[in-house]
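Have a look at the structure below, then the notes.
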Amino acid sequence: MKVELSQVGQEVANLIVLKNVNLLVPSGSFVCISGGSGEGKSLLFSLICGVMLPQQGNILYDDITVSDMNESQEMAFRGQLGAVFQRAALISNLTVKENLLLPLNLHSAELPEDEKIDRVESIAAKLGLTRFLKLRPDKLSTGQAVLAGLARAVINQPKLFIWDAPLVDTDKQWSAKVLETLSELKMAGTTVIIFTNREDIILQLADSHYRLTEGEIGLAND
Amino acid sequence: MKLPSFGVFCAQIVKDLIYFRRNAAISFDVLIKQIYFTGVEALGLCTLLSLLLGAVIIVEGHQILAAIGQTDWIYKILIFALVRDLGPFIICLVVVARSGTAISTELGNMKVNKEIDALVTMGISPISYLVSPRVVGMIVSLLILMSYFLMSGIFGGFLISNLFQNIPFLDFFARLLNELSLADIVIMFFKLVLSGFYIAAICSYQGLSAQTAYTEVPQRNIKAVGGTVISVCLVNLIGSLLYFFVTGLSEVGI
């Protein structure tokens, strides 16, 4: 899925956080966006996820904005989108297993129940979450919760994958699992956008690296 | 997620309720949990309250009515208090205090934790998934609680009335039924259904209005309780006015 940001600007509490952000992420590419704390990475993440619409400019997904999509187009877009929030944002009154089943029940409802369970167990095994499937998010460590968020985002084999601040709360062993999952997404032709401060690790996978500085985005000088 | 005005929010809930089956695959569990938490776990408290209320009405009513020689009016008063006015009002207040605050706290925390944003990203409408099942659950729970409230209130009234006059339960129950009209039941349903809708809608709206700080959640709770108490009072007032309008007209033959 191609993502194009054109002249995107956003204010928060009368403070300009993003200004004239132009970015083209070709389909199947892996982009890393870095920036210091408070530079607007999480805000840009929310905008690209379609949680909020930009105050200025447009964000196009395969040449169409969310506001121009009809109901079925938007549902199809959401089904192809996998997003991991900074603090995982697992649904707190559901178990990890139920959290992973949520996107499947919505976007792959036609799958037999057995196949849905197989998918959940397979991704959980891969990320070392099998023991935690019956637990609720409040019983998980921050790192485990982030991995569960990653599992939920990739379970529907997304065409666009976005992650806000990966590897912040994961140890070395889990970082390897995360990188393995990301490289699999890249191999599968998924468009990947990563917002991070840990560009040292992510850059080994990235096709291009952008930096957010004082609300403006530009190619980083690596 | 940008929240619309409360009027638009309510319209979206009503629209969603019409298409409830479309979201049944993901919303049904939320509905069952809401009914269990509101309608089943509050049974003990409501039963105790109604037993006491039934008993108090008989004790107070009997003293006053005996003084004017109209003890048979006690059944009329019991119907007025349990079925038409105090019963629905007390049940609603119990539910506001217990479940209304739980709804606004839960949704407020979910909003601050970005869980609502995660739902939107997945293509799940927070209204379909979180609010509509709570509205339906709240209404069903109020009806369940009210039926228990009536049963135990009548039983409490019967126990205490035996202190004043020895009357068989079936006789007591038959006299009570004799005073019950269709209008009483319709108004009771009107009050419960409308109050249930507003309790769940206002508490959900206030919860979802929280932004980024956990300190906003208790502030939203306070607004939710204030708003729901006012709306429950207004619904009860409108219901009572409707009752007196309808029965008043029928009494003069219109």
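If you read the protein sequences in the order shown, they are chains A and B.
Using our numbering, you'd call the opening residue of the first sequence number -6 and step up by one each time.
Using our numbering, you'd call the opening residue of the second sequence number 3 and step up by one each time.
Just so it is clear, CB atoms sit at the ideal spot from N, CA and C, and this is done for glycine as well.
Quick caveat, the model's predicted, so the values are computed rather than measured.
| Query | Result |
| --- | --- |
| Cβ pair count under 8 Å reaching 3, the segment 134 to 143 of chain B against the segment 95 to 104 of chain B | yes |
| Short CB-CB distance (under 8 Å) between Phe78/A and chain D | Of the protein chains in the structure, A and B, none is chain D. |
| Amino acids of chain A, ordered along the chain, whose beta-carbon sits closer than 7 Å to that of Glu117/B | Ala82, Ile84 and Ser85 |
| CB contact check: Gly208/A to chain B, cutoff 8 Å | no |
| Buried or exposed by the 16-neighbour rule on C-beta atoms within 10 Å, applied to Asn115/B | buried |
| Anticipated Cβ contact below 8 Å, Ala76/A with Cys42/A, distance rounded | 5 Å |
| Short CB-CB distance (under 8 Å) between Lys4/B and chain A | yes |
| Distance between beta carbons of Met124/B and Leu99/A, contact taken as under 8 Å | 6 Å |
| Cα-Cα separation, Val11/A to Phe192/B | Here the sequence assigns Leu to residue 11/A, which means Val is not the residue at that position. Spanning the two alpha carbons is a distance of roughly 51 Å. |
| Cβ neighbours of Leu175/A in the same chain (closer than 7 Å, five flanking residues each side left out) | Val185 and Leu198 |
| Proximal chain A residues relative to Met124/B, where beta-carbon distance stays under 7 Å | Arg71, Leu95, Pro96 and Leu99 |
| Through-space distance from Asn111/B to Ala226/B, alpha-carbon basis | 14 Å |
| Interface positions of the segment 198 to 225 of chain B facing chain A (Cβ-Cβ less than 8 Å), listed along the chain | none |
| Continuous alpha helix (DSSP H) stretch holding Tyr38/B: start and end | Per DSSP, Tyr38/B belongs to no alpha helix (DSSP H) and is neither H nor E. |
| Cβ of Ser216/A within 8 Å of any chain B Cβ | Residue 216/A cannot be examined here, being either before or after the span of chain A that is shown, -6 to 215. |
| Test: Gly50/A CB closer than 8 Å to a CB of chain B | no |
| Gly63/B (DSSP reduced to helix, strand or coil) | helix |
| Proximal residues of chain B, C-beta to C-beta of Cys25/A below 8 Å | Here the premise fails: no neighbours, minimum Cβ distance about 20 Å. |
| Stretch pair the segment 154 to 173 of chain B + the segment 77 to 86 of chain B: three plus CB contacts closer than 8 Å | yes |
| Arg124/A - DSSP class collapsed to helix/strand/coil | helix |
| Classification of Lys113/B by the beta-carbon crowding that lies within 10 angstroms, buried from 16 upward | buried |
| Where the alpha helix (DSSP H) through Ser197/B begins and ends | Leu184 to Leu210 |
| Buried versus exposed call for Leu153/A [16 or more other C-beta atoms within 10 Å across all chains shown] | buried |
| Residues of the segment 93 to 118 of chain B with Cβ closer than 9 Å to any Cβ of chain A, in chain order | Glu108, Asn111, Met112, Asn115, Lys116, Glu117 and Ile118 |
| Outcome for Thr217/B when other beta-carbon atoms lying within 10 angstroms are tallied against a minimum of 16 | exposed |
| Which of helix, strand or coil DSSP assigns to Ser27/A | strand |
| Those runs of the alpha helix (DSSP H) which lie wholly inside the segment 123 to 205 of chain A and span at least 4 residues | 135 to 147, 165 to 180 and 192 to 195 |
| Contact under 8 Å by Cβ, Asp18/B with Ile129/B | yes |
| CB of Trp167/A within 8 Å of CB of Gly136/A, strictly | yes |
| Simplified DSSP state of Tyr245/B, which is helix, strand or coil | helix |
| C-alpha distance - Leu147/B paired with Leu74/A, whole-angstrom precision | 43 Å |
| Segments assigned alpha helix (DSSP H), at least 4 residues, entirely inside the segment 83 to 123 of chain A | 89 to 100 and 106 to 119 |
| The segment 39 to 57 of chain A in contact with the segment -6 to 8 of chain A per 3-pair CB rule at 8 Å | yes |
| Beta-carbon contacts of Leu194/B that lie in its chain and below 8 Å, excluding the five residues immediately before and after | Pro90, Ile93, Cys94, Ile141, Leu144, Leu145 and Met148 |
| Ser29/B vs Pro135/B beta-carbon contact at 8 Å | yes |
| Same chain only: Cβ atoms within 8 Å of Val5/A, ignoring 5 sequence neighbours per side | Leu36 |
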